[in-house]
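Trainee:
Right, dumping it as structure tokens:
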């Protein structure tokens, strides 16, 4: 076991404020807001949607760096597809109606400055009967409807209806005339046909379409892979299971495909089949560290459990490939992302998420895995949200909780939007540019628009100084508490020392040696004279006084009743000294609570002073009156004698020590320290009608 020295050392360490402050600080820190990410997401505003069940996008239409709000909705009054533009201040700018309808599950419009005049156009896709049309609006600098009804294609009907989706838009200058063409894919669903890529040339108002097949194209990219300075289009696809191989439509959708188109939308090569249902092929563009262009294709196979990633540096020839296999459940492996990113100055492809890790890979098949929040697999977009010239990755899970990663796929920050899940409402996401102000992230439901900001959480950096401040503050409090405790302990010791000192003084002054000598002398005289009865009475009273003294020797205070009993016995003995020349009275007011506790001996000391200094040298009958009176809710104890008065007493007792008075004052001061009850003692000199001293009255007010 520990030695005495070790125990003392350990106790000193444990009792040290620096040590005691540690667990207290930890407890406080637990209940403080302690951000785990360097960034935070804040809900800046919530607005009622301008049009219910509408779709929304923020675009900079006038080129001032601040986005206007574009809304697509069905005009119930006119029964038409409508586009509405709101200014940056949220004021209605104008609205345009088109004679048709928006497809519910499809994108309705695209904003882009194809003619590069500094003002963006709005390209609107809608349908009427069995046909899909294009409308073009240029809101700025002057309101202009470029095209009201440009025919694009016919979509076959199924059960009297058409269904199609437009998933991707892009623009590029394919013919090198300085004006971009608009590119988008149109996929019929249950209607089956057509499934095509469409290119619109604003310069000559012309439409180019690819061959329609059974391939249900997903995302596509535009890049110059063959190095001829003319971009190509590359697309992936997914298996929708609507078009088998035996119905006469090329490239059925029971398999997924990787395909490429030239600038005239002709196939660059025969589409590459990814066998399996369900399966998918996802594409993204990639530029390596040495500026080599690649098309990266991820082939998901075998119900998405196995996947092969390929880097193409030639339209249909892979530079490198790697297969990933997983024998777990399909839900444990999700490859949906396919985005090119830069980590630590090197370029990679963010391939996807496997369980709770991001998979990042480059053309040399070097794989990096980074920690991911497993439930966040839906990447909405990549953008610079906090204006640090670095892109952030925005995810939204099925519960509409937002998660944002920084440019290194680190420091995930989450925010519970409170929007009900996808299963019960449609949610759109995007960004809103505000010029030099904070870029905002938006979430749009059927009826509400939510705007969020993403920025540095300075509390993350301040939390450590705050913790140290709390630690120092706790140390200061503990040090102050210990110091106050030491002061209180010191004060207590001083009080105890005072008590002990007073107890010693009271013991010494309990019985005046001269009084004891006279009592014993008187008892001896009575015995010698044969006055056995008087001697017996003296001894009995003296023993009673001694018994009372011993009984209360360790008490600080005593009841008024007990003190008066002691005084009565004491004065009875004093009568033996004065013989027949001494009289005393003790009177108590019925209103006085005799159980009230007073400092021990305070009345006795006043009585002793009266006898010693006032009555001892008094000629004639010596009278001492003791009374207790209730006055103004206070108790007044009066000790009055008919002695020689204080002036003559001082003249006769020049050598007196004054210990009795000093002891009384010490008792009063000690009582105030211990109980807080104030005791007032005053002396009143009494005179007869001729002005001569006739006694002294001492008044104690409790």
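Numbering (our numbering), first residue to last: 1 to 702. Ideal Cβ positions, reconstructed from N, Cα and C, are used throughout, including at glycine.
Residue range of the beta strand (DSSP E) that residue 310 falls in?
Mentor: Start and end: 306 to 314.
Trainee: If you follow the beta strand (DSSP E) that residue 147 is in, where does it begin and where does it stop?
Mentor: Unbroken beta strand (DSSP E) run through residue 147: 144 to 154.
Trainee: Under the three-state reduction of DSSP, which class applies to residue 416: helix, strand or coil?
Mentor: Residue 416 falls in the strand class under three-state DSSP.
Trainee: Measure the C-alpha to C-alpha separation of residue 84 and residue 164 and round it to an integer number of angstroms.
Mentor: In a straight line, the C-alpha of residue 84 is about 23 Å away from that of residue 164.
Trainee: What do you get for residue 613, buried or exposed, if any count of 16 or more other CB atoms within 10 angstroms of its CB means buried?
Mentor: It is buried - the Cβ of residue 613 has at least 16 other Cβ atoms within 10 Å.
Trainee: Determine the direct distance from the alpha carbon of residue 138 to that of residue 62, and round the result to whole angstroms.
Mentor: Distance between the alpha carbons of residue 62 and residue 138: 10 Å.
Trainee: Pull up the CB-CB distance for residue 564 and residue 542, whole angstroms please, since I reckon it's below 8 Å.
Mentor: Rounded, the Cβ-Cβ distance is 18 Å, inconsistent with contact.
Trainee: Do you know offhand how far residue 634's Cα is from residue 702's?
Mentor: Whole-angstrom Cα-Cα distance: 6 Å.
Trainee: Using the three-state DSSP reduction, which class does residue 290 fall into: helix, strand or coil?
Mentor: Reduced to three states, the DSSP call for residue 290 is coil.
Trainee: For the beta strand (DSSP E) holding residue 566, just list the boundary residues, first then last.
Mentor: Careful: residue 566 lies outside any beta strand (DSSP E), inside the alpha helix (DSSP H) at 560 to 578.
Trainee: Going by C-alpha distance, which of 225, 382, 401, 336 is nearest residue 316?
Mentor: Per the Cα distances, 225.
Trainee: Quick one: what does DSSP say residue 613 is sitting in, helix, strand or coil?
Mentor: Helix.
Trainee: Check for me: the alpha helix (DSSP H) holding residue 646 runs from which residue to which?
Mentor: Note, residue 646: alpha helix (DSSP H), 645 to 652.
Trainee: With distances taken between CB atoms, is the gap from residue 337 to residue 370 smaller than 8 Å?
Mentor: No; because the gap between Cβ atoms is not below 8 Å, this pair is not in contact.
Trainee: Put residue 11 into one of helix, strand or coil per three-state DSSP.
Mentor: Note: residue 11 maps to helix in three-state DSSP.
Trainee: Counting along the chain, where does the alpha helix (DSSP H) carrying residue 547 start and finish?
Mentor: Note, residue 547: alpha helix (DSSP H), 532 to 551.
Trainee: Can you tell me whether DSSP reads residue 85 as helix, strand or coil?
Mentor: Residue state, collapsed to three classes: strand.
Trainee: With H, G and I counted as helix, E and B as strand and the rest as coil, what does DSSP make of residue 236?
Mentor: Strand at residue 236.
Trainee: Could you tell me which residues DSSP puts in a beta bridge with residue 69?
Mentor: According to DSSP, which records beta bridges pairwise, residue 69 is partnered with 58, 86.
Trainee: From 493, 382, 473, pick the residue whose C-alpha is nearest to that of residue 440; which is it?
Mentor: That would be 382, whose Cα lies nearest to the Cα of residue 440.
Trainee: Is residue 699 helix, strand or coil when you go by DSSP?
Mentor: Residue 699 falls in the strand class under three-state DSSP.
Trainee: Would you mind sorting residue 487 into buried or exposed? The rule is 16 or more other CB atoms within 10 Å of its CB.
Mentor: With fewer than 16 Cβ atoms within 10 Å of its Cβ, residue 487 is classed as exposed.
Trainee: Taking DSSP's pairing of strands, which residues face residue 296 in a bridge?
Mentor: Residue 296 pairs with 284, 311.
Trainee: Using 8 Å as the threshold, is the C-beta distance between residue 402 and residue 415 below it?
Mentor: Their beta carbons are under 8 Å apart, which means residue 402 touches residue 415 by this criterion.
Trainee: Given that a residue counts as buried once 16 or more other Cβ atoms are within 10 Å of its Cβ, and exposed if not, what is residue 580?
Mentor: Residue 580 comes out exposed.
Trainee: Out of curiosity, what's the CA-to-CA distance linking residue 208 and residue 43?
Mentor: Approximately 44 Å between the Cα atoms of the pair.
Trainee: What residue range is occupied by the uninterrupted beta strand (DSSP E) comprising residue 599?
Mentor: It spans 597 to 599 - the beta strand (DSSP E) in which residue 599 sits, taken as one unbroken run.
Trainee: Below 8 Å on the Cβ atoms is my contact criterion, and I expect residue 319 with residue 348 to pass it. Report the Cβ-Cβ distance as a whole number of Å.
Mentor: In fact, because the Cβ distance is near 15 Å, the residues do not count as touching under 8 Å.
Trainee: With respect to the beta strand (DSSP E) encompassing residue 705, which residues constitute its N-terminal and C-terminal limits?
Mentor: This structure leaves residue 705 out entirely; the chain is present only between 1 and 702.
Trainee: If I follow the unbroken beta strand (DSSP E) through residue 272, where does it start and stop?
Mentor: Looking at the DSSP string, the run of the beta strand (DSSP E) that includes residue 272 is 272 to 274.
Trainee: Taking DSSP as the reference, what is the three-state secondary structure of residue 352?
Mentor: Here residue 352 sits in strand by DSSP.
Trainee: Output yes or no for whether 8 Å exceeds the beta carbon distance between residue 618 and residue 644.
Mentor: Yes; because the gap between Cβ atoms is below 8 Å, this pair is in contact.
Trainee: Thinking just about the alpha-carbon of each residue, which of 241, 695, 105, 364 is nearest to the one in residue 686?
Mentor: If we check each option's Cα against that of residue 686, 695 comes out closest.
Trainee: Where residue 436 and residue 485 are concerned, what is the direct C-alpha to C-alpha distance, given to the nearest angstrom?
Mentor: Between residue 436 and residue 485, the C-alpha separation is close to 59 Å.
Trainee: Among 670, 380, 353, which residue has its Cα nearest to the Cα of residue 305?
Mentor: When each option's Cα is compared against that of residue 305, the closest is 353.
Trainee: Taking the alpha helix (DSSP H) that residue 21 falls in, what are its first and last residues?
Mentor: Here the alpha helix (DSSP H) through residue 21 covers 17 to 30.
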